[in-house]
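Undergrad: Before I ask anything, let me first share the structure, which is written out below as structure tokens.
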Amino acid sequence: MDKLGTPMLTALYWLAIALAISPILWLIFQPYVKGWSRAERRASHLLRDLLTHEQFRQLFWYGYLEIPSPTAPHRVYRVPRHSGYVQVFEHGRAIMRLCLQPVESLPDSDLVVLHKLMIEANEETYLQKANKYLCIE
């Protein structure tokens, strides 16, 4: 084979590998790309403004935000950073999971804000509206 043919085959070989791997890479990086949208950036800034430094650190490092109950001193709500169930803990034990979703789609950061503000403003209404799933040990 001539000198030009070998580099051409090598380039085609790497192109074929890149095309085969690109769907897998998209699945891996898609959640991060989603965070680049304008709405997600604005929601992230709002969340950062509403949380204390410690709360923001907890959300970033542990993937959830713990919100103390305004009415029950031993109750804590664990709100996930991404969509999912809100866990309710009493005396350090999980007692139930809550599902409460808005009618329209919201960025994940806005969902955290939604849960935080609803729990702190009117916990009773929050609990009435949420679907409850008891934790059985």
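Each number in the working numbering corresponds to the 1-based position in the sequence shown with 79 added. In this text, a Cβ means the ideal position worked out from N, Cα and C, and glycines have one as well. Predicted model, so just to flag it, every value in this text is computed and none were measured.
Give the list of continuous alpha helix (DSSP H) stretches no shorter than 4 residues that lie fully inside the region 113 to 170.
TA: 117 to 129, 132 to 141
Undergrad: Tell me, please, which residues DSSP counts as bridged to L177.
TA: Your numbering for residue 177 matches position 98 in the sequence shown. DSSP output for L177 lists V165, K211 as bridge partner(s).
Undergrad: Count the C-beta pairs between the region 117 to 137 and the region 176 to 183 that are closer than 8 Å, then say yes if the count reaches three, no if not.
TA: no
Undergrad: Output the distance between the C-alpha atoms of V165 and L88, rounded to the nearest integer angstrom.
TA: As a working note, residue 165 is residue 86 in the sequence shown. As a working note, residue 88 is residue 9 in the sequence shown. In a straight line, the C-alpha of V165 is about 54 Å away from that of L88.
Undergrad: Run the CB neighbour count on A151, radius 10 Å, all protein chains shown included, and call it buried at 16 or more, exposed below.
TA: As a working mapping, residue 151 is identified with position 72 in the sequence shown. It counts as exposed.
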